[in-house]
Amino acid sequence: MTMEWVNAIVQGTLLGGLYALFAAGLSLIFGVMRLVNIAHGDLIVMAAYLGLTVVSVLGIHPLLALVLVVPLMAGFGYVLQRAVLNRTLGDDLLPPLLVTFGLSVILQNGLLEVYSADPQKINAGVLETASVSVAGLSLGVLPLLTFAVALAVIWGLQWVFYHTALGRAFRAVSDNQDIAQLMGLNRRHIFGLAMALALGVTAIAGILLGIRTSFDPSIGGGRLIFGFEAVIIGGLGNLWGTLAGGVILGVAQTIGAKIDPGWQLLAGHIAFLVILAIRPNGLFPRISA
Amino acid sequence: MPEPLLQIAGLNAHYRDFQALYGLDMTVAAGEVLAIIGANGAGKTTFMRSISGLIANGSGQVKYQGRDISGLRADEVAALGIALVPEGRQLFRSLSVEENLIIGGQTGRKGPWNLAAVFALFPILKERRAVPATSLSGGQQQMVAIGRALMANPDLILFDEISLGLAPIIIRDIYAALPGIIGEGMSAMIVEQDISKALSVSDRLYCLQEGRISLEGASGAVSRADISRAYFGME
Amino acid sequence: MSAPVNKNRTHHVTRSSAAAQIAGAFGAIALIILIAAPWWAGSANLRLMGEVCLYLALASLWNFMAGYAGLVSVGQQAYVGFGGYLLFALTIFGGLPPLAAIAAAGALGALIAIPTALLIFRLRGAYFAIGTWVIAEVFRLSFAQMSSLGGGSGSSLPVNVVRSLAASKDGREFLSYWLALGAAVLVIAAVYFYLRSRNGLALTAIRDNELAAGSLGIDIWRMKFAVYVVTAALTSAVGALIFLQKLRISPDAAFSVNDWTAFVIFIVVIGGIGTIEGPIIGTLVFFLLRETLADLGTAYLIILGVVAIVVMLKAPKGLWGLIRARFSLNLFPLGYRVLRRPEKKGA
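Taken in sequence, the protein lines are chains A, B and C. Its first residue numbered 2, the first sequence is counted upward by one per residue in the numbering used here. Its first residue numbered 567, the second sequence is counted upward by one per residue in the numbering used here. Its first residue numbered 253, the third sequence is counted upward by one per residue in the numbering used here.
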């Protein structure tokens, strides 16, 4: 009995790794350019479909498909930022919000047009079912791998942010766009690179999502919300906090599902609202919105 | 006569919805130091932002090294060798002292200034290189802001309100350091409220009043009476 | 000492304009024609016109929040669905007549909006927007849990409830059209008169410069809170009306982000955000596009998304903004204008 609860918590923690991956791109973009991308969830789903296509056309393993999908998504991110999103940035909140909302509808219906509404899944062979036994718990290799990837991605993003010239440029532009421009940094280019990096991470999240569960073009909104909840629970501007936020969300969902299968998503949202009520700046805030 | 380093002709500029500069003409020769004085709201900061590309200008209004830079973005202007020490210092708060300096050298221009040279000029910064830049005192922050601009090895350096908000002793130190900085063959424009300080380090002076040049002359030749007339607009 | 009075004033301040007066007259005539629609429009057209009216009401409400109070919500489907479900619950279990249930849905919408606002007002700007979506999801999942209302698959409005509205099918269609028309007129009038009031001026001040408005002593939080709650109430009532027409409800239909938020946002953006005229024009354009392009299916939605993005980037004030810039028109006079008095000969 106790073991079942421990199992739920452990599975929820591992699920949190996936949510942290959803959230990392969102958090990065907000950190660098204060943009909240409503189409973020649809971009995750788009990456999953890209992975599906690469896997079925080339017949390679989905994890190998990352080699193609990550640069494709990154390139798409750079072009999207330079061609569309840079034009929306300014003091006014509405343009970025409404343009990314429009983008979300376009992506969703574009995917519907190309791939139909039928649920799809990326086939990863034995990876899907393989499990290891740890202290009496059966842990799926895929969830473990997802969690490890989340740790690696967040560590990597932290490293880029604090130990590279690109990260220095990200922070400088985030602090003061005009002055950064005076230093010879072209903020349009820097924003393009930030979006490229964010969508690279999104590509990883999308493929891991596609291996884990079936997906269809309509599920982007839900992924955006999970990522958003992880960001807010963890506290804005703190990537490790985002991981903690993802884990809290994942655990709340698996515990909710344990009580009643219909309660899985609701329990996650309620955990988010409770934290919003008692700690409006999240658990580990670093910057103010 | 050699081509001036910077030639400004008929410069108009807007601050928000208001026109702040009306047809300014100005030249800066290579190696020359100009003082720009004027009351609050005379258009000095808009002028600095306008030259450095933060405000777009009409075609042909700003020429630098014989090239029209009026339509260039600030990062492109910076790459050509114009650096600004902005009003209020405006350091990057999530960057350390050292990172603030390094990012100043982002343009990759060659010249005498590098991290070691800036640390030699302001030794205190070397001691505090790893701390967040905004945790320094006001004077030290101004040193970082100057060092950051120098790291770009500019041909023209713009100082906007260099002594604003600093203690007198700090201002004295910074002015003491200025000749060593500008002496490297750089041209400079110094926007300053303290007129005697501005006169002491400059070759020529321009006074702005309500967006127009109200006085121009060699720093040693203009009289106090001329300056107060040009400054306050009294006849 | 008396106040100085300049008897030779050459200018005066007014809200009215010839265009507004003409528009008012045309509006009154159009309204009479619209009220008489059951006698000149066919049943299918009447239903379409009812839908147009309801979308117009939703769009005006969303515009009121986003365009005037700066509260950009992508979760107004929470209140559309809430109102719809309350209509079903109150008529089926509460035995309320449908009209009373619609009013009650509005009141309860306001009631639930209060704690909701207290919570999500902690989120700023764009994060507020996504927060509203979370709330809508919570509503959807909660109603999907209620087995008495059909759970995830939903339920239909019982025949006796439908009959209680009016005995004949024609009577019901007429009534539901008039209710939709009434909702649109009521919402537009409410927004218009609110904006003309003292509170409306404060709201406009906040929109134009939040910092300055705050320093003038305007309680920004309370203003926005009031707008959120009032909008929630009216959106809930409109939601109840929508599902009175549909006669069937399910969580996915009731809390659809596409139907009740995406379309509404596109309407407002294309028509012109932050104006009363914008949603009216936007609704007409939206239905024109829908009726001509609906055969395209998903491509139609892609086109709509592209149009909205292009409008947002190229003409952020929408179609009405373009018209107004060209002709200097104001059909709903909100601002004051300084006009030169006509010169009097020999004065």
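Glycine included, C-beta positions come from ideal geometry on N, C-alpha and C.
Residue 419 of chain C versus residue 101 of chain A - alpha carbon distance: One-based indexing of the third sequence puts residue 419 of chain C at position 167. One-based indexing of the first sequence puts residue 101 of chain A at position 100. Taking the straight line joining both Cα atoms gives about 48 angstroms.
Interface partners of residue 394 of chain C on chain A, CB under 8 angstroms: Position 142 of the third sequence holds residue 394 of chain C. 267, listed in chain order.
Residues near residue 470 of chain C in its chain [Cβ-Cβ closer than 7 angstroms; skip 5 each side]: If you number the third sequence from 1, residue 470 of chain C lands on position 218. Correct list, in chain order: 454, 457, 458.
Contact list for the segment 654-674 of chain B against chain E, Cβ threshold 9 angstroms: Looking at the structure shown, chain E is missing, and the protein chains on hand are A, B and C.
Which of helix, strand or coil DSSP assigns to residue 120 of chain A: Translated into the one-based positions of the first sequence, residue 120 of chain A becomes position 119. Of the three classes helix, strand and coil, the one that applies to residue 120 of chain A here is coil, per DSSP.
Residue 216 of chain A - partner residues in DSSP beta bridges: The residue labelled residue 216 of chain A in the question sits at position 215 within the first sequence. DSSP, once it has assigned bridges, lists A:121 as partnering residue 216 of chain A.
Buried or exposed (CB count within 10 angstroms, at least 16 for buried), residue 198 of chain A: Within the first sequence, residue 198 of chain A is the residue found at index 197, counting from 1. With 16 or more Cβ atoms within 10 Å of its Cβ, residue 198 of chain A is classed as buried.
Residues, ordered as in the chain, of the segment 175-203 of chain A that lie near chain B by beta-carbon distance below 9 angstroms: 175, 176, 177, 179, 180, 181, 182, 183, 184, 185, 186, 187, 188, 189, 190
Residue burial classification, residue 38 of chain A (beta-carbon count within 10 angstroms, cutoff 16): Walking along the first sequence from the start, residue 38 of chain A turns up at place 37. Buried: at least 16 other Cβ atoms inside 10 Å.
Contact with chain B by residue 84 of chain A, beta-carbon distance below 8 angstroms: Residue 84 of chain A sits at position 83 when you count from the first residue of the first sequence. False, the Cβ-Cβ gap to chain B never drops below 8 angstroms.
Distance CB(residue 227 of chain A)-CB(residue 79 of chain A) smaller than 8 angstroms: As a working mapping, residue 227 of chain A is identified with position 226 in the first sequence. As a working mapping, residue 79 of chain A is identified with position 78 in the first sequence. No; because the gap between Cβ atoms is not below 8 angstroms, this pair is not in contact.
Contact set for residue 500 of chain C: own chain, Cβ-Cβ below 6 angstroms, skip 5 residues either direction: Within the third sequence, residue 500 of chain C is the residue found at index 248, counting from 1. Hits under 6 angstroms: 408.
Buried or exposed by the 16-neighbour rule on C-beta atoms within 10 Å, applied to residue 59 of chain A: Position 58 of the first sequence, counting from 1, holds the residue named residue 59 of chain A. Flag for residue 59 of chain A reads exposed.
Residues bridged to residue 139 of chain A (per DSSP): To locate residue 139 of chain A, count along the first sequence from 1; it is residue 138. Answer is A:134, bridged to residue 139 of chain A.
Whole-Å CB distance - residue 520 of chain C paired with residue 311 of chain C, under 8 angstroms assumed: For the purposes of this step, residue 520 of chain C is taken as residue 268 along the third sequence, with counting starting at 1. For the purposes of this step, residue 311 of chain C is taken as residue 59 along the third sequence, with counting starting at 1. 5 angstroms between Cβ atoms; contact.
Candidates A:119, A:29, A:95, A:30, of which the one nearest residue 215 of chain A by Cα: On the first sequence, position 214 is the one that residue 215 of chain A refers to. Nearest of A:119, A:29, A:95, A:30 to residue 215 of chain A, Cα basis: A:119.
Neighbouring residues, chain B, relative to residue 172 of chain A (Cβ below 7 angstroms): The count along the first sequence starts at 1 and reaches residue 172 of chain A at position 171. Here the neighbours are 658, 660, 661.
Three or more C-beta pairs below 8 angstroms linking the segment 191-210 of chain A and the segment 254-274 of chain A: no
Residue range of the alpha helix (DSSP H) that includes residue 483 of chain C: By one-based count along the third sequence, residue 483 of chain C stands at place 231. Unbroken alpha helix (DSSP H) run through residue 483 of chain C: 472-498.
Coarse secondary structure for residue 89 of chain A, derived from DSSP in three states: Stepping through the first sequence from its first residue, residue 89 of chain A is reached at position 88. It is helical.
Any non-hydrogen atom of the ligand GDP closer than 7 angstroms to residue 20 of chain A Cβ: You won't find the ligand GDP in this model; it holds no ligand whatsoever.
Beta strand (DSSP E) segment containing residue 441 of chain C, residue limits: Working through the third sequence from its first residue, we reach residue 441 of chain C at position 189. Taken as a continuous stretch (DSSP letters only), residue 441 of chain C belongs to no beta strand (DSSP E), being part of the alpha helix (DSSP H) at 421-448.
CB contact flag (residue 755 of chain B, residue 724 of chain B, <8 angstroms): Residue mapping note: residue 755 of chain B aligns to position 189 of the second sequence, counting from 1. Residue mapping note: residue 724 of chain B aligns to position 158 of the second sequence, counting from 1. Yes, the pair counts as a contact, with Cβ atoms nearer than the cut-off.
Residues from the segment 498-514 of chain C in contact with chain A, defined by Cβ distance under 8 angstroms: 509, 510, 514
Under the three-state DSSP convention, the category residue 326 of chain C falls into: On the third sequence, residue 326 of chain C is found 74 positions in, with the first residue counted as 1. Looking at residue 326 of chain C - three-state DSSP - the assignment turns out to be coil, as it is neither helix nor strand.
Residue 349 of chain C, buried or exposed, once every other Cβ within 10 Å from all chains shown has been counted against 16: Your numbering for residue 349 of chain C matches position 97 in the third sequence. Under this definition residue 349 of chain C is an exposed residue.
Residues of the segment 27-42 of chain A with Cβ closer than 9 angstroms to any Cβ of chain B, in chain order: none
Residue interval of the alpha helix (DSSP H) (run including residue 566 of chain C): The sequence position of residue 566 of chain C within the third sequence is 314, counting from 1. Unbroken alpha helix (DSSP H) run through residue 566 of chain C: 550-566.
Neighbouring residues, chain B, relative to residue 169 of chain A (Cβ below 8 angstroms): For the purposes of this step, residue 169 of chain A is identified with residue 168 of the first sequence, where counting begins at 1. Going along chain B in sequence order, the residues near residue 169 of chain A (Cβ under 8 angstroms) are 661, 665, 668, 669.
Three-state secondary structure assigned by DSSP to residue 697 of chain B: Taking the second sequence and counting its residues from 1, one reaches residue 697 of chain B at position 131. Residue state, collapsed to three classes: coil.
Spatial distance of residue 554 of chain C from residue 321 of chain C (CA atoms): By 1-based counting over the third sequence, the position of residue 554 of chain C is 302. By 1-based counting over the third sequence, the position of residue 321 of chain C is 69. Taking the straight line joining both Cα atoms gives about 29 angstroms.
Cβ distance (whole Å) where residue 473 of chain C is taken to contact residue 530 of chain C below 8 angstroms: By 1-based counting over the third sequence, the position of residue 473 of chain C is 221. By 1-based counting over the third sequence, the position of residue 530 of chain C is 278. Between residue 530 of chain C and residue 473 of chain C the Cβ distance is about 26 angstroms, and since that is not below 8 angstroms, they are no contact.
Spatial distance of residue 794 of chain B from residue 624 of chain B (CA atoms): Stepping through the second sequence from its first residue, residue 794 of chain B is reached at position 228. Stepping through the second sequence from its first residue, residue 624 of chain B is reached at position 58. Their Cα atoms are separated by approximately 31 angstroms.
Assigned secondary structure, residue 62 of chain A (DSSP; H/G/I helix, E/B strand, else coil): Numbered from 1 along the first sequence, position 61 holds the residue referred to as residue 62 of chain A. Residue state, collapsed to three classes: coil.
Residue 298 of chain C: first and last residue of the uninterrupted alpha helix (DSSP H) it sits in: Counting from one through the third sequence, the residue named residue 298 of chain C turns up at place 46. Element bounds for residue 298 of chain C: 295-315.
Residue from A:145, A:190, A:263, A:17 with nearest C-alpha to residue 133 of chain A: Residue mapping note: residue 133 of chain A aligns to position 132 of the first sequence, counting from 1. Of the listed residues, the one whose Cα sits closest to residue 133 of chain A is A:145.
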